[in-house]
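S.K.:
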Amino acid sequence: MKVAPTLFFLALFITTLVYQFPVTSVIDVGSGRDAPFVQGFSFRENLPQGTDARWSNGHAEIHFVGVGAQDGMLQLRYAAPRPQNSAQVKIFANAVELASPAPSNDFQTQAFPIGRDSIGVAGDLNIALNSDTFTQPPDSRALGLLVESAQFQANGAPVIPSPRALCYFPAFVVLAFFIARAWSGHERVAMLVAVAVVMLGAVSLFFARVEMAYFLAPLFWVTLLLCAGAYGFVITLRRLTNALPAPALSARTVRFIFFAMLYAFALRMLFAVTPGYIVDTQDYIVWSYKTVTYGLGSMYSAVNGLWISDQSPGLNYILHLMGLLYRGIFAPDFLYPAVAGDPALRGITNNPALLADPIQRTLLRLPQLFADVITGALIFVTARKYVTERLAWLAAGAFWFNPAVLWNGAYWGQTDALHALLILICFLLLVFTPRVGLAFFILGIAAFTKPQAMIFGPLLLLAVYKTSLRTGRNGTEFRDSPFARIARAIFFGALGSALMLLPVVLTGGAQGLLAYFGDTVGHHPILSANAHNLWWFWFQGNIDVPDTRAVFPDAPLSFRAFSIILFGIAYLVTLVKAWRAPLESYFVLGAFLAFAFFMLPTEIHENYGYALLPLLAVALTRDKNLIAFFVLLSATMTLNYSLHDPNLYERFGLSAPDAQWATARWLNALANLIVFGAWAVYLFLSNSFVISSGARNLRMRKDSSLRSE
80 MKVAPTLFFL
90 ALFITTLVYQ
100 FPVTSVIDVG
110 SGRDAPFVQG
120 FSFRENLPQG
130 TDARWSNGHA
140 EIHFVGVGAQ
150 DGMLQLRYAA
160 PRPQNSAQVK
170 IFANAVELAS
180 PAPSNDFQTQ
190 AFPIGRDSIG
200 VAGDLNIALN
210 SDTFTQPPDS
220 RALGLLVESA
230 QFQANGAPVI
240 PSPRALCYFP
250 AFVVLAFFIA
260 RAWSGHERVA
270 MLVAVAVVML
280 GAVSLFFARV
290 EMAYFLAPLF
300 WVTLLLCAGA
310 YGFVITLRRL
320 TNALPAPALS
330 ARTVRFIFFA
340 MLYAFALRML
350 FAVTPGYIVD
360 TQDYIVWSYK
370 TVTYGLGSMY
380 SAVNGLWISD
390 QSPGLNYILH
400 LMGLLYRGIF
410 APDFLYPAVA
420 GDPALRGITN
430 NPALLADPIQ
440 RTLLRLPQLF
450 ADVITGALIF
460 VTARKYVTER
470 LAWLAAGAFW
480 FNPAVLWNGA
490 YWGQTDALHA
500 LLILICFLLL
510 VFTPRVGLAF
520 FILGIAAFTK
530 PQAMIFGPLL
540 LLAVYKTSLR
550 TGRNGTEFRD
560 SPFARIARAI
570 FFGALGSALM
580 LLPVVLTGGA
590 QGLLAYFGDT
600 VGHHPILSAN
610 AHNLWWFWFQ
620 GNIDVPDTRA
630 VFPDAPLSFR
640 AFSIILFGIA
650 YLVTLVKAWR
660 APLESYFVLG
670 AFLAFAFFML
680 PTEIHENYGY
690 ALLPLLAVAL
700 TRDKNLIAFF
710 VLLSATMTLN
720 YSLHDPNLYE
730 RFGLSAPDAQ
740 WATARWLNAL
750 ANLIVFGAWA
760 VYLFLSNSFV
770 ISSGARNLRM
780 RKDSSLRSE
């Protein structure tokens, strides 16, 4: 434990030493890298000479964070053009007005001496630019100063380092030491890592002092939060291992799990920086900006041309949280449609997804990427109950590196991963633990993250009924009150749902929320919203037929009603099968229901079958015959995505993809139909779930005794 204080004081000394060397800190206004350090400016603009700049709005600020208390020279390059009269400009450094020459219509560089007393022990230099404004129709903005750059040239020693750097850099070094020791298991390795972090930090403070000083605080707190989350996740994995029961997780295996999760996450980040599925990405950016700017109550209302969300509250909360994080760390202004879009794009597009800061787009995807890698880890631990560690790695890898999974979340930026994770957790809790209330509380949350979660409700309620079977100490079997357990499940499910609705209601969005509920069914009133299912096959891709149309002339049933009946029949047959099946078979039954929901109802999108993948990945470790279905469905799901990917249309030069890829889409729908039929025959006509009465009772007694421990 003596190593940590030594590293702390080493980092403290190095930080103080580096600050004594004079550096020039430059904020290139309009470059896109300036967003964390400017406020009160408009979007980036190209200048005729090939540089870029921003217009201030009359009161703008530029923040040199963490430069330290020292003497230096501030240089500002700006123009103050006016159609009439001269501009009125006042410049302040930490609230002290600076003497400045008369502003010019053309760009000029003005220099101001800054004393250490002006900066103070806080170590930050905040420049305020106050000016009159004018308008230049048809541009409605209030225009003040056109600022190109600002720089602070330090004089060097003696310098009082920024308290921000003195506090967070040594703390981060110590945190890096503990992380490295936990991962490697060796103190010497951890010391080497910590020393490397010290050297890297010193170099960063020298070459990018403002950026390093600014991002140290969020870097430390995010890392600490991730460490706490990782520690809690390890505890969860060990508890799940005990509940299954499965072979205990060794420290080596836990490290490998985190290395695999890190690799899977890094792979996703390669795709996450792209615009993704443009239509949906622009929606997420708009809704994130709207709720951050106007509050959660604006979620289901149109505000200043920002359109209404058509997604569940849970998704909007995630977008809101990521928007707050983006505004708090990366762009205090959070201008719409973002502050760092390439100025060259403004003349050719108004799509927020293309104009947005790539950091903003990536932040919106991070929760889904984390959900993906956590899901894979849960699959690994659950698989260890049934197969060897090597095969468990294959099961987890089949999900982590599944092309359909990568396409959905990392590349397209879709939001199914979190919903799928919550559903998997519900199944794990009900099958392997007695935590009925917690399982349905999570199901209630999942239902208002993605409405599709509700399809699992009846199956999971049946699981609750079956878990009421208990074995006493004398070996006799008895039942808890099954209806009391079901009532508890429904109560906690409603509680989870209420928790998801409460923030919107409390912020004045109740009326819009009711309108959203009324629009959930019928929002896309066509036979298929790009899902290659029964309706795509039947109508050979001509799926724009309204699903409210009668199945045949004068028929009492619409396509929508008929499709719901078909799904209801499939569900009823599944429940009959589930009645006789052991609880551990509910993973495959849940996966089949998810696929039936994709195949049979109308208005289904191409990503609605996503939740079947983690459930089926768990199920195939009990029944290796299911591997074929997992592989085939992964392939057809990937094809479904790719055959409706606008980016691929452009890459292949398709002028009419609906016609040019019509045959491929129809064949993929046929493949899905064949897989659905084969899976139904395998599940319901085979004896894969039929076990003898004695074996079934033995399994139930074993499960019950484990739950009672």
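Just add 79 to wherever you are in the sequence shown, counting from 1, and you've got my numbering. Backbone N, C-alpha and C fix where the C-beta goes; we use that ideal spot for every residue, glycine too.
#1: Distance, Cα to Cα, serine 664 vs glycine 407?
#2: Please list the terminal residues of the continuous alpha helix (DSSP H) segment that includes glutamine 69.
#3: Taking its Cβ as the centre, do 16 or more other Cβ atoms sit within 10 Å of asparagine 487, making it buried, or is it exposed?
#4: Report the start-end ranges of each alpha helix (DSSP H) in the segment 231 to 304 that is 4 residues or longer and not cut off at the edges.
#5: Could you have a look at alanine 381 and say whether DSSP puts it in helix, strand or coil?
#6: When you compare the CB positions of phenylalanine 562 and phenylalanine 520, do they come within less than 8 angstroms of one another, or not?
#7: Would you list the residues sitting across from asparagine 125 in a DSSP beta bridge?
#8: How many Å lie between alanine 114 and phenylalanine 731 at the Cα?
#9: Just verifying my parser: in three-state terms, what is the DSSP assignment at threonine 653?
#10: For the segment 463 to 530, which segments carrying the alpha helix (DSSP H) assignment without a break, of at least 4 residues, lie completely within its bounds, in sequence order?
#11: Which same chain residues, not among the five before or five after leucine 89, have their C-beta less than 7 angstroms away from its C-beta?
#12: Where are the alpha helix (DSSP H) runs, 4 residues long or more, that stay fully inside the segment 586 to 656, in chain order?
#13: Using only CA atoms, which one of Thr681, Gly145, Ala649, Phe596 lies nearest to proline 625?
#14: Give, in chain order, every unbroken run of the beta strand (DSSP E) that is at least 3 residues long and sits entirely within the segment 162 to 204.
#15: In angstroms, rounded to a whole number, what distance separates the CA positions of alanine 174 and serine 283?
#16: Can you tell me whether leucine 403 is helix, strand or coil according to DSSP?
#17: Alpha carbon to alpha carbon, how far is leucine 303 from leucine 86? Give it in angstroms, no decimals.
#18: Suppose the cutoff is 6 angstroms on Cβ atoms and the five residues either side in sequence are ignored; what does the same chain contact list for glycine 151 look like?
#19: Helix, strand or coil: how does DSSP classify arginine 317 here?
#20: Which of the three DSSP states, helix, strand or coil, is assigned to serine 721?
#21: Just how far apart, CA to CA, sit proline 180 and glutamine 189?
#22: Grab the span of the beta strand (DSSP E) containing tyrosine 157 for me, first residue to last.
#23: Can you name the start and end residues of the alpha helix (DSSP H) that valine 371 belongs to?
#24: Mapping DSSP to helix, strand and coil, what is glutamate 682?
#25: Smallest Cα separation from arginine 440: which of Val466, Pro411, Ala698, Tyr490?
#26: What is the rounded straight-line gap between the Cα of alanine 698 and the Cα of alanine 735?
#27: Going by CA-CA distance only, name the one from Val452, Leu654, Trp617, Phe459 that's closest to leucine 539.
#28: Suppose you measure from the CA of arginine 564 to the CA of leucine 509; what does that come to, to the nearest Å?
#29: Is histidine 265 buried or exposed, if buried means 16 or more other CB atoms sit within 10 Å of its CB?
#30: Between the segment 396 to 404 and the segment 365 to 385, can you find at least three pairs of beta-carbon atoms closer than 8 angstroms?
#31: Taking its Cβ as the centre, do 16 or more other Cβ atoms sit within 10 Å of serine 219, making it buried, or is it exposed?
#32: CA-CA distance, threonine 627 and alanine 423?
#33: So leucine 222 is in the alpha helix (DSSP H); what residue range does that whole segment cover?
#34: Using a Cβ-Cβ cutoff of less than 7 angstroms, which residues in the same chain neighbour leucine 500 once the five nearest sequence positions on both sides are dropped?
#35: Per DSSP, what kind of secondary structure is leucine 712 in: helix, strand or coil?
#36: Would you say glycine 789 and tyrosine 379 are within 8 angstroms of each other, going by their C-beta atoms?
M.R.: In brief:
#1: 46 angstroms
#2: With the chain covering 80 to 788 only, the question about residue 69 has no answer from this structure.
#3: buried
#4: 242 to 263, 266 to 286
#5: coil
#6: no
#7: Asp131
#8: 36 angstroms
#9: helix
#10: 468 to 479, 495 to 511, 515 to 526
#11: Val277
#12: 589 to 598, 613 to 617
#13: Thr681
#14: 168 to 172, 175 to 177, 187 to 193
#15: 29 angstroms
#16: helix
#17: 17 angstroms
#18: Ile193, Phe231, Gln232, Ala233, Asn234
#19: helix
#20: helix
#21: 8 angstroms
#22: 151 to 158
#23: 357 to 373
#24: coil
#25: Tyr490
#26: 40 angstroms
#27: Leu654
#28: 12 angstroms
#29: exposed
#30: yes
#31: exposed
#32: 45 angstroms
#33: Leucine 222 -> not in any alpha helix (DSSP H); beta strand (DSSP E) instead, spanning 218 to 222.
#34: Ala450, Ile453, Thr454
#35: helix
#36: No information on residue 789 is available, as it lies outside the stretch 80 to 788 that the chain covers here.
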